[in-house]
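Heads up: the structure comes next, in structure tokens.
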Amino acid sequence: MSNSSWKRWEFLFIILYALAFFFVFIRWSLQLSHDHSRSLYGLRPGWMSNRLNDLSDAQWRNFRGNLPILTLVMCFFTFVANILRYHYCLKGRGMSFIWIILSLCYLSYLHEACVIFVLSIASANYFIVKTFARSPYYMSMLWIFNITFLILNRVYEGYSFSLFGGCLAFLDNYRGTFRWHICFNLVVLRMISYGCDYHWSNKLTHFDQKKHMLRCHFCSSGRTCYHVLQERSMQNDKYSFNMYVCYLTYAPLYIAGPIVSFNAFATQLDAPQKNYSVGQIAWYGLRWILSLLLMETVTHFFYYNAFAISGLWRQLSPFEVFIIGYGVLNFMWLKFFLIWRYFRFWSLIGGIETPENMPKCINNCYNLEGFWKNWHASFNKWLVRYMYIPLGGSQRKLLNVWVIFTFVAIWHDLEWKLLSWAWLTCLFFIPEILVKSSVNSFQLKCAAGMFIHRELSAIAGAVTITCLMFYAGCKPCWLCYRTIGHKLVDFTISSEGWYVNCTSVCSSSTSIYLQEPSVLLMYRNARSVCLVCIILCCNQAYVSHS
């Protein structure tokens with residue numbers, strides 16, 4: 089059999105195996121949801137096939153419930169802004185005033201009197217930026233100021249007006265429908281972005297746009313990539329107070345992002361994005377509607393998140409626990425996919441293109457680095473620009489991950505469990521970085537390195553997805569980590585665990601390297617899924633046989 093023929097048969101086998109797994113997975117998920125529906129929390133009457141709807145996730149429940157009014161606001165704000173832009177030929181300065189008025193109305197509904205806190209802290213940050221931007225200690229001052237308020241906002245739960253005098257205590261009755269200090273985490277990122285971009289605008293840039301245009305396939309096609317937008321130097325008048333307030337409070341991105349740098353935002357406010365045509369934006373919106381229907385189907389037929397928060401996973405077999413974990417992982421991905429793409433769509437029709445937060449499906453991530461780059465991609469770009477590169481970049485990679493993930497944990501919430509999660513992630517990152525560098529070196533030195541690199545990538549993908557499944561399925565039961573750990577350790581050291589590990593390694597040794605990048609991407613995805621299938625299915629078969 090020729091080499092190319094073997095590739096085709098092997099690839100066909102893997103695809104069929106993956107399809108068979110998903111058939112079994114869906115059937116088992118339906119059975120689990122049917123058998124335990126009376127014991128699950130968060131199920132509400134649904135509209136699809138007289139089934140219950142899993143609305144146990146508070147974030148998804150709130151977003152879904154407010155979607156109609158949010159869509160009306162989106163249509164009205166965008167219509168007003170675009171009509172005024174094209175009727176009066178408004179540029180950046182004029183549009184900033186329009187969006188400030190619209191966005192402050194939006195914030196007044198969300199936070200009511202607490203808008204005072206948002207604008208007060210933002211004004212203090214603006215004063216620091218404009219006053220000390222040329223100081224040698226400026227960057228330290230900027231970061232200390234923002235991290236201090238990030239922590240204080242959490243400690244005091246958004247502050248009480250009574251702290252500032254009894255005459256203001258009545259304002260505590262007007263705190264709005266959305267806690268301001270939750271949204272302020274994103275405002276902190278924008279304040280740091282504004283401060284850094286303004287500081288760097290006074291220095292000579294090392295960005296060579298002509299050389300970049302030759303190397304970047306996106307820019308060579310006549311479009312403008314995000315890297316050019318954020319690196320492009322601007323005049324000092326673009327860093328005005330009204331542009332600053334508009335950037336911090338811009339309604340389409342205020343609640344959830346995606347995160348965009350100040351330079352990229354100000355550039356597009358002056359000249360709307362041209363990378364997406366009207367037809368492409370319409371298709372983007374249609375795809376979002378189809379994804380919403382997919383989510384509705386998932387929550388009506390598969391109660392993954394309800395299993396996780398109800399704690400019933402403790403009563404399930406290892407195979408069933410992994411089914412729930414895999415389902416929760418994909419539910420979480422689809423939830424954030426819908427939320428982030430909704431607000432990105434709103435921003436696009438307003439003329440501002442932001443980075444895509446979910447450029448890849450969760451099942452296409454083969455290691456921790458790939459997972460973090462593609463889970464919250466706009467935040468990752470922010471971290472690279474404002475933390476990773478200033479801290480030394482790849483030259484201090486092993487040290488930088490500790491600083492960055494500690495900040496990420498504090499930024500998400502002020503809890504010890506998040507700090508421990510961040511430091512545990514760093515511990516996993518260190519061996520991955522070392523292994524990747526050694527494997528890449530070995531791959532270049534010998535022909536067999538290509539084969540070994542592919543096998544290690546597939547195995548790493550299976551392990552990564554499996555670990556994410558386990559974490560996602562049991563995350564709400566964080567305090568039960570001892571039970572979770574014992575379950576995982578018992579499974580790993582048991583004869584079933586050894587059998588599964590040997591089976592997964594043996595199955596990966598039959599593959600031949602595929603040269604085509606597009607096919608390789610599909611191939612690796614299928615291989616990772618198959619290795620997870622082998623880990624799950626062989627375990628269940630072995631236990632049943634025993």
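Numbering (our numbering), first residue to last: 89 to 634. Here a beta-carbon is modelled for each residue, glycine too, at the ideal position from N, C-alpha and C.
6 Å CB neighbourhood of W511 in its chain, flanking five on each side removed:
Shown here for W511: not one same chain residue has a beta carbon closer than 6 Å to its own, the five before and five after excluded.
How about V217 and L190: are their beta carbons less than 8 Å apart?
Contact: no.
Going by the DSSP bridge assignment, what does N141 pair with across the sheet?
Answer by DSSP bridge pairing, in chain order: R132.
Going residue by residue through the stretch 438-500, where are the continuous beta strand (DSSP E) segments of at least 3 residues, counting only ones entirely within it?
Taking 3 residues as the shortest admissible run, the stretch 438-500 contains no complete beta strand (DSSP E) segment at all.
Can at least three beta-carbon pairs, one atom from the stretch 309-321 and one from the stretch 348-355, be found at a separation below 8 Å?
When Cβ pairs closer than 8 Å are counted between the two stretches, the stretch 309-321 is seen to touch the stretch 348-355, the count reaching three or more.
Along the alpha helix (DSSP H) that carries F237, what are the first and last residues, could you check?
Where F237 is concerned, the enclosing alpha helix (DSSP H) starts and stops at Y226 to V243.
Closest by C-alpha distance to I343, when choosing among G182, A210 and I427
The candidate whose alpha carbon is nearest that of I343 is I427.
Residue nearest to Y332 in terms of C-alpha spacing, selected from L382, M279 and E503
The closest CA to that of Y332, considering only L382, M279 and E503, is found on M279.
Unbroken alpha helix (DSSP H) runs of length 4 or more, entirely within the stretch 321-387: which are they?
Runs of alpha helix (DSSP H) with 4 or more residues, each lying fully within the stretch 321-387, are found at 329-337, 339-342 and 350-358, listed in chain order.
Counting pairs of Cβ atoms below 8 Å between the stretch 365-379 and the stretch 132-145, do you hit three or more?
With the cut-off at 8 Å, the stretch 365-379 and the stretch 132-145 do not touch.
Given L417 as reference, the closest of W401, H388, N451 and Y430 once Cα atoms are compared:
Distance check between L417 and each of W401, H388, N451 and Y430 places N451 closest, using alpha-carbon atoms only.
Locate the alpha helix (DSSP H) running through N213, then write down its first and last residues.
Run containing N213: V203 to F220, per the alpha helix (DSSP H) assignment.
Status (buried if at least 16 other CB within 10 Å, exposed otherwise) for S117
Taking all protein chains shown into account, S117 has 16 or more neighbouring C-beta atoms within 10 Å of its C-beta and is therefore buried.
Can you give me the Cβ contacts of W376 inside the same chain, cut-off strictly under 8 Å, excluding the 5 residues immediately before and after it?
Cβ neighbours of W376 beyond the five flanking positions: L426, R429, Y430 and F433.
Evaluate S309 with the Cβ neighbour count: other Cβ atoms within 10 Å of its Cβ, from every protein chain shown; 16 or more gives buried, anything less gives exposed.
Flag for S309 reads exposed.
For G170, the first and last residue of its enclosing alpha helix (DSSP H):
Reading the sequence as shown, one finds Asn at residue 170 and not Gly. Per DSSP, the continuous alpha helix (DSSP H) segment holding N170 begins and ends at L155 to Y176.
Does M136 pass the burial test, meaning 16 or more other C-beta atoms within 10 Å, or should it be called exposed?
Exposed, by the Cβ-count rule.
Straight-line gap, N393 to K448 (C-alpha atoms, nearest Å)
When rounded, the distance between both Cα atoms is 22 Å.
Pull up the distance between the alpha-carbon of Y335 and that of E441, whole angstroms please.
It is roughly 13 Å from the alpha-carbon of Y335 to the alpha-carbon of E441.
Near V348, what residues of its chain come up, given a Cβ to Cβ distance below 6 Å and the 5 sequence neighbours on each side ignored?
Cβ contact annotation for V348 (same chain, cutoff 6 Å, sequence separation greater than five): T442, in chain order.
Output the distance between the C-alpha atoms of Y197 and G264, rounded to the nearest integer angstrom.
Cα to Cα, Y197 sits roughly 6 Å from G264.
Below 8 Å on the Cβ atoms is my guess for V496 versus L479; work out the distance and round it to an integer in Å.
Actually they do not touch by this definition, with Cβ atoms about 14 Å apart.
Using the three-state DSSP reduction, which class does G310 fall into: helix, strand or coil?
Here G310 sits in coil by DSSP.
Counting along the chain, where does the alpha helix (DSSP H) carrying N273 start and finish?
W268 to S289 is the extent of the alpha helix (DSSP H) around N273.
Given T385, which residues of its chain have a CB within under 8 Å of its CB, disregarding the five upstream and five downstream residues?
Answer for T385: M136, listed in chain order.
Of the residues N363, F165 and Y327, which one's Cα is nearest the Cα of P340?
Relative to P340, the option among N363, F165 and Y327 whose CA is nearest is F165.
Taking Y474 as the reference, give the member of F516, P360 and V276 with the closest Cα.
Its Cα nearest to that of Y474, the residue V276 stands out among F516, P360 and V276.
Could you please give the first and the last residue of the uninterrupted alpha helix (DSSP H) stretch that includes F704?
A question about residue 704 goes unanswered here, because the residues of the chain that appear run from 89 up to 634.
Roughly how many whole angstroms lie between the Cα atoms of R267 and F220?
Rounded to the nearest whole angstrom, the C-alpha separation of R267 and F220 is 31 Å.
I'd like the span of the alpha helix (DSSP H) that includes W187, first residue to last.
Taken as a continuous stretch (DSSP letters only), the alpha helix (DSSP H) holding W187 covers G180 to H199.
In whole angstroms, what separates the C-alpha of L471 from that of F215?
Cα to Cα, the separation comes out at about 24 Å.
Would the beta-carbon of L404 fall within 8 Å of that of I412?
At the C-beta level, L404 and I412 come within 8 Å of one another.
For F517, which three-state DSSP category applies?
F517: helix per DSSP, three-state reduction.
When we look at the beta-carbon of S365 and count the other beta-carbons within 10 Å, is it buried (16 or more) or exposed?
So S365 counts as exposed.
Nearest residue (CA-CA) to A210, options S466, F410 and N330
When only C-alpha atoms are compared, the closest one is N330.
Own chain partners of W499 with C-beta closer than 7 Å, once the 5 adjacent residues on each side are dropped
Excluding positions up to five away in sequence, the list reads L238 and N273.
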